[in-house]
Amino acid sequence: MKLKLLTWDVKDTLLRLRLPVGQQYQAEAKSRGLQVDPTALEASFREVYRTHWRLFPNYGLSQGMTSHRWWLDVVSQTFRLSGIQDEKILQPLAERLYQDFSTAEYWEVLPGAREALQGCGELGLKMAVISNFDRRLEDILRLVGLDGHFDFVLTSERAGVAKPDVGIFHKALKLGDVLPQCAVHVGDNLVNDYKAARHAGMFSLLFQRRLMADVPSDHLIQSLDQLVPRLQGTMK
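Right under this line is the structure:
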């Protein structure tokens with residue numbers, strides 16, 4: 001197989017939050033004199049996020065929302081569920097957190113990610129991002145120093161379609177000007193990354209530390225330092 005394009009998921013593949021969402025939200029609330037339990041915030045956030053994504057998928061773009069508005073609603077509702085009801089506090093708090101999560105301070109590069117990107121680039125592969133992220137991603141990648149590795153960054157907001165819909169992979173293949181059989185995708189989610197990319201006709205590798213019964217061992221990487229050797233073996 002002649003690989004030409006390597007696409008990456010970002011969250012929990014290349015980047016991760018420095019602290020859990022509940023702790024980040026609690027710290028900002030505390031700076032405003034509010035006492036909220038971080039565990040409660042974490043649970044509320046997960047519930048609100050799941051519900052909001054189901055009701056307003058892909059940041060509500062097809063329903064006329066912006067990702068900015070979508071996130072302000074998620075953050076505000078997270079605090080409401082955790083006992084904060086004052087709207088005069090909620091709106092500026094949500095806006096502050098939206099801005100905070102746009103900065104490098106809230107994110108860290110996963111161990112081995114920089115080396116993996118460098119090594120993959122040395123293989124002569126064109127690289128890109130396919131992520132269910134919003135418009136802030138390109139700035140975040142620039143701030144953490146990863147942007148220079150990618151020919152393009154395709155977020156679900158930009159694409160107008162989110163993983164696991166194969167449409168976002170087809171858009172990436174078109175942007176990269178490559179056939180599906182000449183592209184490989186790497187990500188940590190079984191459905192959104194591994195299976196979706198394969199449904200789009202691409203090769204894919206799942207980044208997971210634990211073995212999974214329905215994923216062949218040679219399709220699994222348990223640390224990013226395994227990626228370059230795995231690709232070299234595939235390209236022979």
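The sequence shown runs contiguously to residue 236 in UniProt numbering.
All C-beta atoms in this analysis are idealised placements derived from N, C-alpha and C, irrespective of residue type, glycine included.
Computed from a predicted structure; not experimentally measured.
Using DSSP's beta-bridge definition, name the partner residues of A29.
By 1-based counting over the sequence shown, the position of residue 29 is 29. According to DSSP, which records beta bridges pairwise, A29 is partnered with nothing at all.
Return the residue from the list D225, L224 and L206 that minimises the CA-CA distance to D218.
Your numbering for residue 218 matches position 218 in the sequence shown. Ranking D225, L224 and L206 by Cα distance to D218 puts L206 first.
Would you report the Cα separation of L15 and T51, rounded to the nearest angstrom?
In the sequence shown, residue 15 corresponds to position 15, counting from 1. In the sequence shown, residue 51 corresponds to position 51, counting from 1. Cα to Cα, the separation comes out at about 24 angstroms.
Can you list, in chain order, the residues of its chain whose CB lies under 6 angstroms from that of residue 241, leaving out five sequence neighbours each side?
Outside the modelled stretch of the chain, which goes from 1 to 236, sits residue 241, for which no answer is possible.
Report the residue ranges of all alpha helix (DSSP H) runs contained in full by the segment 172 to 221; include only those spanning at least 4 residues, in chain order.
196 to 199
In this structure, how does DSSP classify K2 when only helix, strand and coil are distinguished?
Looking up residue 2 in the sequence shown gives position 2. K2: coil per DSSP, three-state reduction.
Are R135 and E115 closer than 8 angstroms when you measure CB to CB?
Position 135 of the sequence shown, counted from the start, is the residue given in the question as residue 135. Position 115 of the sequence shown, counted from the start, is the residue given in the question as residue 115. No; because the gap between Cβ atoms is not below 8 angstroms, this pair is not in contact.
Return the CA-CA distance between I130 and L17, expressed in angstroms with no decimal places.
In the sequence shown, residue 130 corresponds to position 130, counting from 1. In the sequence shown, residue 17 corresponds to position 17, counting from 1. The straight-line gap from Cα to Cα measures roughly 18 angstroms.
Tell me the residue span of the beta strand (DSSP E) that contains C152.
As a working note, residue 152 is residue 152 in the sequence shown. Rather than Cys, the amino acid found at residue 152 in this sequence is Phe. Taken as a continuous stretch (DSSP letters only), the beta strand (DSSP E) holding F152 covers F152 to T155.
By alpha-carbon positions, which one of Y98, H149 and S204 ends up nearest to T66?
Here the question's residue 66 lines up with position 66 in the sequence shown. Of Y98, H149 and S204, the residue nearest in Cα terms is Y98.
Judging by CA-CA distance, which residue of P229, E42, H185 and G148 is the nearest neighbour of S204?
Stepping through the sequence shown from its first residue, residue 204 is reached at position 204. Nearest C-alpha to S204: H185.
Going by the CB atoms, is the gap between L220 and L231 shorter than 8 angstroms?
By 1-based counting over the sequence shown, the position of residue 231 is 231. By 1-based counting over the sequence shown, the position of residue 220 is 220. Cβ distance not < 8 angstroms, so L231 and L220 don't count as in contact.
Are the beta-carbon atoms of E42 and G22 separated by less than 8 angstroms?
Along the sequence shown, read from residue 1 onward, the residue named residue 42 stands at position 42. Along the sequence shown, read from residue 1 onward, the residue named residue 22 stands at position 22. A contact, by the Cβ cut-off of 8 angstroms.
How long is the line joining the alpha carbons of G201 and W107, rounded to whole angstroms?
Position 201 of the sequence shown holds residue 201. Position 107 of the sequence shown holds residue 107. G201 and W107 have their alpha carbons spaced roughly 32 angstroms apart.
Need the endpoints of the beta strand (DSSP E) that K126 sits in, please.
Taking the sequence shown and counting its residues from 1, one reaches residue 126 at position 126. Note, K126: beta strand (DSSP E), K126 to S131.
In the DSSP assignment, find the beta strand (DSSP E) that holds V109 and state where it starts and stops.
Reading the sequence shown from its first residue, position 109 is the one you call residue 109. W107 to V109 is the extent of the beta strand (DSSP E) around V109.
Which residues DSSP lists as bridging L17, in chain order
By 1-based counting over the sequence shown, the position of residue 17 is 17. Under DSSP, L17 takes part in a beta bridge, and its partners are W107.
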